[in-house]
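Protein chains: 2
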Amino acid sequence: MSVVSNSVDSAAPPNPRALLAAERAQSKFDPATMNYFLETSKETSDTIKEFVQQLERDPIMNPGAKQYELTKEQQRVVTARRIARLAQYAETQNDPTFQGLRASIMSVFDPQVGTRLGVNLGLFIGCVRGNGTKDQYDYWYKQKETGYVRGIYGCFGMTELAHGSNVAGLETTATFDEKTDEFIINTPHIGATKWWIGGAAHSSTHCSVYARLIVKGEDYGVKTFVVPLRDANHNLMPGVAVGDIGAKMGRDGIDNGWIQFSSVRIPRFFMLQKFCKVTAEGDVTLPPLEQLSYSALLGGRVSMVMDSYRWSAKAVTVALRYAVCRRQFKSKSQADGSETQLINYPLHQRRLFPFLAQAIVFSAGSWKLEHTFNEVLDTLDKAVETNDMKRIFASIDAMKSLFLDSAALKSTGTWLTAECIDQCRQSCGGHGYSSYSGFGKSYNDWVVQCTWEGDNSVLAMSVGKPVIKAVVAVLEKGAKEKGSLSFLNNAAKYDNDEIVFSNTSDLLDFSNVLRAIEVLITRIGIQGAKVVADNGGNFDSVGAPSLAIAKLKAHHYFLEEFHRRLQSNEYKELNPYLELIGKLYCASNVIEKFAGDFLTYNVIPGSVAREITNVTLPALCAEVRKNVVAYTDAFQFSDSMLNSSLGKYDGDVYENYYNTVKTLNPPENHKAPYSAEFEAALNRGPLDARERYEKGAEVAAIFV
Amino acid sequence: MSVVSNSVDSAAPPNPRALLAAERAQSKFDPATMNYFLETSKETSDTIKEFVQQLERDPIMNPGAKQYELTKEQQRVVTARRIARLAQYAETQNDPTFQGLRASIMSVFDPQVGTRLGVNLGLFIGCVRGNGTKDQYDYWYKQKETGYVRGIYGCFGMTELAHGSNVAGLETTATFDEKTDEFIINTPHIGATKWWIGGAAHSSTHCSVYARLIVKGEDYGVKTFVVPLRDANHNLMPGVAVGDIGAKMGRDGIDNGWIQFSSVRIPRFFMLQKFCKVTAEGDVTLPPLEQLSYSALLGGRVSMVMDSYRWSAKAVTVALRYAVCRRQFKSKSQADGSETQLINYPLHQRRLFPFLAQAIVFSAGSWKLEHTFNEVLDTLDKAVETNDMKRIFASIDAMKSLFLDSAALKSTGTWLTAECIDQCRQSCGGHGYSSYSGFGKSYNDWVVQCTWEGDNSVLAMSVGKPVIKAVVAVLEKGAKEKGSLSFLNNAAKYDNDEIVFSNTSDLLDFSNVLRAIEVLITRIGIQGAKVVADNGGNFDSVGAPSLAIAKLKAHHYFLEEFHRRLQSNEYKELNPYLELIGKLYCASNVIEKFAGDFLTYNVIPGSVAREITNVTLPALCAEVRKNVVAYTDAFQFSDSMLNSSLGKYDGDVYENYYNTVKTLNPPENHKAPYSAEFEAALNRGPLDARERYEKGAEVAAIFV
């Protein structure tokens, strides 16, 4: 009766490993080559693998499942230790930046390390680079060896307790004292306490402080200053109070803190003065565009779009592997009498495949945005160095486009990734709730991306306003839009209620879907303009349509770039599989998701929506199903990157999960440390004895 | 220059407290009376307050903000301690149940206690009650004093590692041994390991085990058995292996575990035999409906609908109070030059007010479902006691309706509540990410409700199937549906593509919205039936439409009961304010949310959808805005229930938050425990020294 293999079994156990192997055996394309497409080249793909190999073999760097058991205090220690370790890699590899690709990979491998270091090298240094002169940047970044995490550790002092999104409303003051040629940094009241400052509680020696420049009693608005927080012995400078802001929903490994400045004096030359200058006499030169000083945030937004691609890919890899390995419920269609694999349920495909498409389509747009960002910033830096005003203003135009695109992409990308992680967790049923699945920590670490460095709703609203204004300008003033809003020049053509696409087949063509989005944005914009007019020009009244516009704009960007990349793809053999994913994205993530809008604004008729939902999508999903494991393998995540008991490469989900559980929670501890107390409560004596028999008949007799 | 109040300020701090007070001063209805409506009566409202008062004053029971700092191990200790404390209340108040109202309140006050105790009193005892004879129930529940948490502590052994949703597929065996008149409980392989069992790791002495009944080699399917896990000294019984399943996304205070049985023998009378019996000779009587043995889960589902109401209310109270207190960005409309309160942004209203409406409308349906459940179960118990087969079958009919309704309501309610908590967190911006806001733990504790005791997708699919079948039966066989599906008898009338409501004003009437939902369900059902037919009768093909049907069915139930309650409301003065909420629910939570479906199936035209989005909803929100604080106060949560620094009654958000942060993270700890290690890394010597100068010029000279 018993089956003896690695254990004594009374019946044959499930064999999920075989299911995953069978999928791989029948895959029609090479996942490694697909990764070249996703990461833009073989070279980049290889660089990533080299870096991950270093990380996963390094005993300090590799988090493993144990990471899910750490307390807040333990997470902070290991995070600090890993930063110190990474700094050694930076030194010996002569790569001081850890920005770009390595930072992006680090953020997936261990997001706490990614962010805690990113606050220093991305935000603090980003602020110095964006707002400081070349000399200031060279001093604070290179001379001080900040890139190697030596001597100084910076934090980014923007947000305050009472001001986050409204940076222009910050209340910390930097008052110029002509007598001593110093600025006096001061926190006027509790609301202006710097808050959420990553690294402030324990790590940072310096802070790039956003404060109102006050000269001779005049308020020149928010500018940036480097303010030392701790001395070389890591003791707090006089006038600097910091505190730990404590437990968070996620990323507990980062020592976010609060800072209050009480008349802290810094030399005038600690002001970052690429665009804004104050002379010893108190003469002030202001920047050509206030937004220029927020460019440090721009880098963060751009990297979060890349994070959206990688984190979507990570979550969906685990969920799809699990879906292949897990069987539940018998079905007539299963000839051998075994239960159906989750992946074979059409609903399961409809739940997960759109997120697979999301990850793949996002990759193209993420890389494009990053390239554009680097280009614009380099051009601006060079223009400023040579004081070429014409090129400075050209760069500012490009920067404005970048603000719009990155706002749309960051908000939409991070929201959809949160949804992806959550849906992937749910698709693994109860087991998705185990910390060892990785989903819980992923979600908790992730969702802050929807609020930091530009709250998503605020960002999305900032996209709607220029679009609506541009629609009005085109329709009423015959304006010609440039760049990413140029499609609005067709506004007059779509300023009506006519159906644009009446055949479903039209909508499986990328160009048509792009045009459908353009028409929809145009019509929402026209309607929005009317609402604004009805509300006395108040754009607050079009928050909801602005949200829709921002999301649609993001999909347009992602899809357009994915389409372009397909056309120039050197690995042509992959195109059928990529086109299929693109079609699924069009049908599901765009048309079905925004069906309410497409129908409300008559871009498509109900019959098309019905066909897409009931016919097109199931058919596309069935096609994707055939190579589903190859698609996920194409992300080329090793087990250390995924860090999930449910999604390991071998597919042996039950053994892997059970072994992780047993290793981290040894079964010999079947009595809890608090067991004696619990047992005593469970086996407590009778109530009347514990009440000293005071309510009993004998006492009653005395009192009666 | 300085303002001295409780601290020295250089400028006037924000005064959020005044903003909340101003709202209360102008409220048009009494929140306390509104609570009578929400909780069905003044009596219930008062009972809740008494219980909360006991809890919040009790030093063991009140979690406070400190709860957010506890490690997993600490959470388990305090949870166990609180259960012991609650048991004392139960004893002295002669209330052994802690089911119903008290359990529901406990689940909001401290969900870990609610669940860890609920597994014992709700699931274990629920299983004994649902599947055992009256004598068995009396013995295990009353005689053993389980209700007072004395002597025994039960857990619920249903789920296995490889089987969750498919209960009929469980693989643990209970083989009858005629020779000894015993059952042998056995775990055949790793996949059949009981998994996720709340209380198994450390607390439980007994388990209600779901196992396949095997008699004389024949498999009779899954039945229920009481199996002792630990002896009176809390040591594991022979043949019983348990383990801790470790860290979870939330609810770490519950000691979920796994159990493996290796030929564990129990007496025949430990089988629960209300419906299913095995004689000493091995003759088996089977139950009239297999689902009857899952009725213990039904109680859980019903209570999760009530939880959905309470948790939605809790999250939205915090978010709306914060929205009143928080200002961000200046607006021309603000005459005094101060920044705009978040609550005054139309987008903020559109984000949050639908969740306010959700909480209020859910209350009515939750209470109805609970009453129906108790009624059906009592009737069934009485019928079984008197062996009245006619009434047993009548009860089974009612039970089937209850399975359908509770599946729709549990899945939709818990999903929407997860969305509510998440959106409320995001609406508080960065501060929502602080643990002290309460949102993070709420979300993490909550979302398991979407998967346990019936995975939401599986439950939703279980609603779609009977609806689609009923549509076919009505249309093709002239069948007459009863009960909650009777509206489908009008199917023929709507089996077309005609617009049903062409005026927006029609849709502000509850009856019309109910009818619109009915038409939509009917048409999705008709379309679904075609898809099923095209797929050879396979209902797996209609997973997606089934999901839509389940959600719409739930909204129909909630709205219908809310409408009924309004008509019989004894506090008539509240009706205008409740009607407004109902209209918002119709326009936003139903029509706008399902606009894609309503338009696809031509229930309403695009023009109506456009008007609702652009005109109706902003207008309704503006009305709700006027009494927004009164609506949230109507939930009557004290600060201890909310346990949020951002949502306290006084509205002093910045002081409250800052004080919590400082109390739990004393600023004197400005050097971390690991600071020396971090400082050493930051101030490490130069690289060439650490490399022992091996790469330097001197060594090079030797080697060259």
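Taken in sequence, the protein lines are chains Z and U.
When you number the first sequence by the numbering used here, it's gap-free, plus one each residue, and the end is 1613.
When you number the second sequence by the numbering used here, it's gap-free, plus one each residue, and the end is 1613.
Ideal Cβ positions, reconstructed from N, Cα and C, are used throughout, including at glycine.
Since I believe Val1017(Z) is in contact with Arg1219(Z) (beta carbons under 8 Å), could you give me their beta-carbon distance rounded to a whole number of angstroms? 5 Å
Per DSSP, which one or two residues make a beta bridge with Gly1152(Z)? Trp1167(Z)
Find out if the Cβ-Cβ distance for the pair Ala1369(U), Ser1455(U) is shorter than 8 Å. yes
According to DSSP, residues forming a beta bridge with Ile1094(U): Ala1083(U), Val1173(U)
From Arg1139(Z) to Gly1155(U), what does the alpha carbon distance come to, in whole angstroms? 40 Å
Among the candidates Leu1261(U), Lys1291(U), Ser1366(U), Thr1323(U), whose CA atom is the shortest distance from the CA of Gln1332(U)? Leu1261(U)
Under 8 Å, with one C-beta from each stretch per pair, do the segment 1243-1252 of chain Z and the segment 1306-1324 of chain Z reach the 3-pair mark? no
Could you tell me which residues DSSP pairs with Phe1134(U) in its beta bridges? Val1118(U), Met1180(U)
Pull out every residue of the segment 1580-1592 of chain Z whose Cβ sits closer than 8 Å to any Cβ of chain U, in chain order. Lys1580, Ala1581, Pro1582, Tyr1583, Ser1584, Glu1586, Phe1587, Glu1588, Ala1590, Leu1591, Asn1592
Report, in whole angstroms, the separation of the C-beta atoms of Val1557(Z) and Asp1548(Z), which I expect to be a contact under 8 Å. Note that residue 1557(Z) corresponds to Lys in the displayed sequence, not to Val. The Cβ separation is near 5 Å, so the contact holds.
Among all the DSSP beta bridges, which residues are the ones paired with Thr1194(U)? Lys1186(U)
Residues of the segment 1254-1267 of chain U whose Cβ lies closer than 8 Å to any Cβ of chain Z, in chain order: Tyr1254, Pro1255, Leu1256, His1257, Arg1259, Arg1260
Please check the pair Gly1614(Z) and Thr1024(Z), which I expect to be a contact at CB under 8 Å, by giving their CB distance rounded to whole angstroms. Since the first residue shown for chain Z is 910 and the last is 1613, residue 1614(Z) is missing from the structure and cannot be characterised.
Three or more C-beta pairs under 8 Å: does that hold for the segment 945-959 of chain Z against the segment 1559-1569 of chain U? no
I'd like to know if Ser1112(U) contacts chain Z, where contact means its C-beta is closer than 8 Å to some C-beta of that chain. yes
Got a sec, what are the start and stop residues for the alpha helix (DSSP H) Cys1329(U) sits in? 1298-1336
I'd like the list of long-range same chain contacts for Pro1263(Z), defined as Cβ closer than 6 Å, with 5 residues on each side in sequence excluded. Ser1497, Asn1498
Beta carbon of Ser1414(Z), beta carbon of Asp1216(Z): below 8 Å? no
Going by alpha carbons, who is nearest to Cys1359(Z) out of Ser1371(U), Lys1350(U), Ser1336(U)? Ser1336(U)
Once you ignore the five residues that flank Ile1034(Z) on each side, which residues in its own chain have a CB closer than 7 Å to its CB? Tyr1050, Thr1055, Gly1063
Candidates Val1211(U), Pro1097(U), Ala1268(U), of which the one nearest Leu1493(U) by Cα: Ala1268(U)
Using the beta-carbon count (16 or more within 10 Å), is Arg985(U) buried or exposed? buried
Could you give the uninterrupted runs of the alpha helix (DSSP H) lying entirely in the segment 1350-1395 of chain Z, keeping only those of 4 residues or more? 1365-1386
Below 7 Å, is the gap between the Cβ of Leu964(U) and the nearest heavy atom of the ligand MN? The ligand MN is absent from the structure shown, which contains no ligands of any kind.
Residue range of the unbroken alpha helix (DSSP H) whose run includes Thr956(U): 951-966
Comparing alpha-carbon positions, which option in Ala1292(Z), Val1356(Z), Lys1374(Z), Asp1290(Z) lies nearest Leu1313(Z)? Lys1374(Z)
For Tyr977(U), tell me which candidate among Ser916(U), Gly1162(U), Val1356(U), Ser954(U) has the shortest Cα-Cα distance. Gly1162(U)
Pull up the distance between the alpha-carbon of Val1187(U) and that of Glu1091(U), whole angstroms please. 11 Å
Can you tell which of Gly1208(U), Tyr1342(U), Ser1117(U) has its C-alpha closest to the C-alpha of Gly1010(U)? Correcting the residue type first, residue 1010(U) is Leu in the shown sequence and not Gly. The option with the nearest alpha carbon to Leu1010(U) is Gly1208(U).
Min CB distance Gly1605(U) to chain Z below 8 Å: no
Are Leu1475(Z) and Leu1487(Z) closer than 8 Å when you measure CB to CB? yes
What distance in whole Å lies between the Cβ atoms of Ala974(U) and Asn1552(U), which are believed to be in contact at a cut-off of 8 Å? 7 Å
Of all the options Ala1273(U), Val1131(U), Leu1030(U), which has the alpha carbon lying nearest to the alpha carbon of Glu1470(U)? Ala1273(U)
For Gln1021(U), report the span of its alpha helix (DSSP H) as first-last. 1020-1027
Taking the alpha carbon of Phe1503(U) as the point to measure from, which residue in Gly1437(U), Leu947(U), Ile1521(U) has its own alpha carbon closest? Ile1521(U)
Suppose you measure from the CA of Phe1238(Z) to the CA of Gly1437(U); what does that come to, to the nearest Å? 21 Å
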